[in-house]
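There are 2 protein chains.
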Amino acid sequence: MYEAVCPMDVKTLCLGVLSRGEATGYEIKKQCEEGPFAFFYAAGFGSIYPALNALKHDNLISVEEVIQDGKPAKKVYSVTADGIHAFLGALERPPAPDRLRSDFLFMMFFGQLLPARDVANLIAQRLDILLRRLGEMEECHNPDMTGGEAFSLGYGMAIYKAATDYLDSHQQELVGVALRNEVPGIASAPSTEKVKV
Amino acid sequence: MYEAVCPMDVKTLCLGVLSRGEATGYEIKKQCEEGPFAFFYAAGFGSIYPALNALKHDNLISVEEVIQDGKPAKKVYSVTADGIHAFLGALERPPAPDRLRSDFLFMMFFGQLLPARDVANLIAQRLDILLRRLGEMEECHNPDMTGGEAFSLGYGMAIYKAATDYLDSHQQELVGVALRNEVPGIASAPSTEKVKV
DNA sequence: GGTTGCATGTAAATGGTTACATGATTGT
DNA sequence: ACAATCATGTAACCATTTACATGCAACC
């Protein structure tokens, strides 16, 4: 039986996505990695498909199988009246605290133990990711969005913007520290080695 | 056998914490919830104690049992030379992408489905948490920190600052939308009901 | 000929959380 | 009397990830 836990688990996520319009499991995943949920939720096929089956079993969603030519058959899911009700119930529960797990920050925390070049590379990569995501989010922004959608997108963009600004303005400090920590002579030697980025 | 996965799992976290100085499992957990790791890592006793036992088994850390009076005996762990080596190895692996899971943003995304008062409460609570954490982080900041520590703390503060600014300046928009979505008459009626905050 | 995109799914393994069990001391 | 702090640990449970399995079409 459906019982929203957090309120946010994969089932609730699916219910939420479907409340905006019918979709297949494949499309739900795409929305989690490129679409509007990418910033605050991740889910793979291994959790989405079983979640959809469980929701179907509880009659919170309905399925329609669509045969396509040139492409594999797909299962288009829609939320039922019961499903909407369950989703609204889940939204009323108090939210669990946010949790972030960042390998990047963990590594930066121990930045002075790393070669300066690695630190510089990690920050450069991070800036790259952040900037690309910011671009994707900007594209994502359209006037048809609901207030909530625009709000959470704006929140994500504000965070990413702050992160890029911070990295831009503070990267030299950390790279400098790491450089000073290196064995003198190595740090100043011109590098012929290529670093994987 | 120890084999850093992400590089960041609870074992690597423990190794990292201990590389800064000896600590007990209890103290490691405190550092994860109040200390410098709180922003980007969470871990409970149920994962820390088994991780410490596994690290001990691999001789990456050593234990000293300290009997205290008035308090239960504690096990103080220190990292060994092998442990330092293993930790440095873990830091060299490429970082896994950050992952955030935010019930709050999920709920805001569907904000127009919620009563305006709930939206306003959720945002107020969030601001409260953010501000409190910002205060804790400011206190945490001291001149003895390594470059990496100051960098990641600064990063966290920049993010939280951006989040509070965004919430401050955009909360009215979302609450307004939610209000307009409510049944006319209810929205404007003065409320006698107390809302749990 | 290999990779990417579309499309669904299962099974095993992982990693972590939650709840429980214990117990002394200090503070309200 | 009750809750919180200090302190460790186990066991059951859980959610999710990863790897596998299948298959066709389009593109490079």
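These protein sequence lines are chains A and B, in that order.
Take 4 as the starting number for the first sequence in this note's numbering and just add one per residue.
Take 4 as the starting number for the second sequence in this note's numbering and just add one per residue.
Here a beta-carbon is modelled for each residue, glycine too, at the ideal position from N, C-alpha and C.
Is the CB of residue i under 7 Å away from at least one CB in chain B?
i: V66 (chain A); result: no
i: P146 (chain A); result: no
i: S191 (chain A); result: Note on S191 (chain A): pLDDT 46, under 50, position unreliable in the model; the coordinate value appears next. It does not: the Cβ of S191 (chain A) has no partner Cβ on chain B nearer than 7 Å.
i: R120 (chain A); result: no
i: S172 (chain A); result: no
i: M140 (chain A); result: no
i: L55 (chain A); result: no
i: I87 (chain A); result: no
i: G151 (chain A); result: yes
i: L130 (chain A); result: no
i: R102 (chain A); result: yes
i: A2 (chain A); result: Any question about residue 2 (chain A) goes unanswered here, given that chain A covers just 4 to 200.
i: P98 (chain A); result: yes
i: A161 (chain A); result: yes
Using a Cβ-Cβ cut-off of 7 Å, state whether residue i counts as contacting chain A.
i: V82 (chain B); result: no
i: T167 (chain B); result: no
i: V200 (chain B); result: Summary for V200 (chain B): the model assigns pLDDT 33, below 50, so the residue's position carries little reliability; its value from the coordinates is reported in the next sentence. So no, V200 (chain B) is outside the interface.
i: Q220 (chain B); result: As shown, chain B starts at 4 and ends at 200. That puts residue 220 (chain B) outside it, with no answer to give.
i: T27 (chain B); result: no
i: K197 (chain B); result: Because the pLDDT at K197 (chain B) is just 44, under 50, the model does not fix this residue reliably, and the value given afterwards should be weighed accordingly. No, K197 (chain B) lies away from the interface with chain A (no Cβ there is under 7 Å from its Cβ).
i: V180 (chain B); result: yes
i: Y52 (chain B); result: no
i: L108 (chain B); result: yes
i: F154 (chain B); result: yes
i: F112 (chain B); result: yes
i: A127 (chain B); result: no
i: A93 (chain B); result: no
With a 10 Å radius around its C-beta and 16 neighbouring C-beta atoms as the bar for buried, classify residue i as buried or exposed.
i: G138 (chain B); result: exposed
i: Q115 (chain B); result: buried
i: I70 (chain A); result: exposed
i: K74 (chain A); result: exposed
i: Q175 (chain B); result: exposed
i: S172 (chain A); result: exposed
i: G179 (chain A); result: exposed
i: F40 (chain A); result: buried
i: Y169 (chain B); result: buried
i: S191 (chain A); result: Model confidence at S191 (chain A) stands at a pLDDT of 46, short of 50, so the residue's coordinates are unreliable; what they give is reported in the following sentence. That one is exposed.
i: A3 (chain B); result: Here chain B covers residues 4 to 200 and nothing more, so residue 3 (chain B) does not appear.
i: E152 (chain A); result: buried
i: P98 (chain A); result: buried
i: F154 (chain B); result: buried
Flag residue i as yes when its Cβ comes closer than 6 Å to any non-hydrogen atom of the ligand MG, and as no otherwise.
i: R23 (chain B); result: With respect to the ligand MG, the structure offers nothing, as it holds no ligand at all.
Cutting at 7 Å between CB atoms, please list the residues of its own chain near residue i, excluding the five before and the five after it.
i: T83 (chain B); result: N62, L63, I64 and S65
i: R136 (chain B); result: Y163
i: S22 (chain A); result: V82, I87 and F90
i: C35 (chain B); result: A41, Y44, A45 and A46
i: K119 (chain B); result: The identity of residue 119 (chain B) in the sequence shown is Ala, whereas the question assumes Lys. Cβ neighbours of A119 (chain B) beyond the five flanking positions: V178, A181, L182, E185 and A190.
By Cβ distance below 6 Å, which residues in the same chain neighbour residue i in space, the five residues on each side in sequence not counted?
i: A54 (chain A); result: V13, K14 and C17
i: V79 (chain A); result: E25, T27, E67 and V69
Apart from the five residues just before and just after residue i, which ones in its own chain have a Cβ nearer than 8 Å to its Cβ?
i: T195 (chain B); result: No answer about T195 (chain B) holds up, because its pLDDT of 43 lies below 50 and its placement is not dependable.
i: M140 (chain A); result: F42, L156, G159, M160 and Y163
i: S50 (chain A); result: V13
i: T167 (chain A); result: L130, L133, L134 and L137
Using the DSSP secondary-structure output, state which residues sit across from residue i in a beta bridge.
i: R104 (chain A); result: B:R102
i: V178 (chain A); result: DSSP, once it has assigned bridges, lists no residue as partnering V178 (chain A).
i: A26 (chain B); result: B:Y80
i: E68 (chain B); result: B:K78
Contact between the segment 99 to 110 of chain B and the segment 30 to 47 of chain A (3+ Cβ pairs under 8 Å): yes
At least three beta-carbon pairs within less than 8 Å, the segment 125 to 135 of chain A to the segment 146 to 160 of chain A: no
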